[in-house]
Each structure stands twice: as structure tokens, then as C-alpha cells.
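J.:
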Amino acid sequence: MLTFKIPEQQHYFTTKEVTAMTGMTKDALRYYEHLGILPDVQRNQYNYRQYSHKNLETLQLIKIFRDLDLDLSLLTPAHLALDGQAK
98 MLTFKIPEQQ HYFTTKEVTA MTGMTKDALR YYEHLGILPD VQRNQYNYRQ
148 YSHKNLETLQ LIKIFRDLDL DLSLLTPAHL ALDGQAK
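Here our numbering runs 97 ahead of the position in the sequence shown, where the first position is 1.
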């Protein structure tokens, strides 16, 4: 169940691109980082966030949880290992 399409030809995405793609706000993205359910968001040389494909896949999972009214605290690092490999 995909909630938004991730462009394959692009490797990193700006906050503006991610908010447009996902419908999430900048504050929501930062909140998910703060909770630890959106880990490893890279920064460029100007300290701007650069979201990867893996980050966007995690945001799809978060969006599904939100759409189903599930508790985000259930998203642990093991659940977020979408490839089946826990960190």
C-alpha cells in the first residue's frame, strides 16, 4: 500500500520536495525525527536536510500508521527495517 510515489531518478530530496510529495508539514517531519522513527536524515554542506529513498519509505509507513490511527510509538527500529534487517 503506497501512499505517495517516490521518484526513482532522484537520490536525495529537500524538505520542500518531501512536504509536497507526502502532504506532511515540516514540523511533522522534524517531530518524527525527534521521536526517532525517522532516523538518519542526512544534511548537506549548508546543514539542510536531505531525505533519502529509505527516509521516504519510512515516511510511507508512518503515513499508513497515521491513516489507520495506529500509535506511532509502535514504530520501533525493528519495524522500520523495511528490508527485513534490523539495525
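The C-beta atom is built at its ideal place from N, Cα and C for all residues, glycine as well.
Pick helix, strand or coil for Ala-183, following the three-state DSSP scheme.
T.: Residue placement at Ala-183 is poorly supported in this model, since its pLDDT is 44, which falls under 50; the coordinates still yield a value, given next. Correct three-state label for Ala-183: coil.
J.: By the DSSP assignment, the alpha helix (DSSP H) with Phe-162 in it spans what residues?
T.: Run containing Phe-162: 150-164, per the alpha helix (DSSP H) assignment.
J.: For the alpha helix (DSSP H) holding Tyr-109, just list the boundary residues, first then last.
T.: First-last for Tyr-109: undefined, no H or E at that position.
J.: Let me check understanding here. Comparing Cα to Cα, which of Gln-142, Tyr-128 and Leu-135 lies closest to Thr-173?
T.: Minimum Cα distance to Thr-173 is reached at Leu-135.
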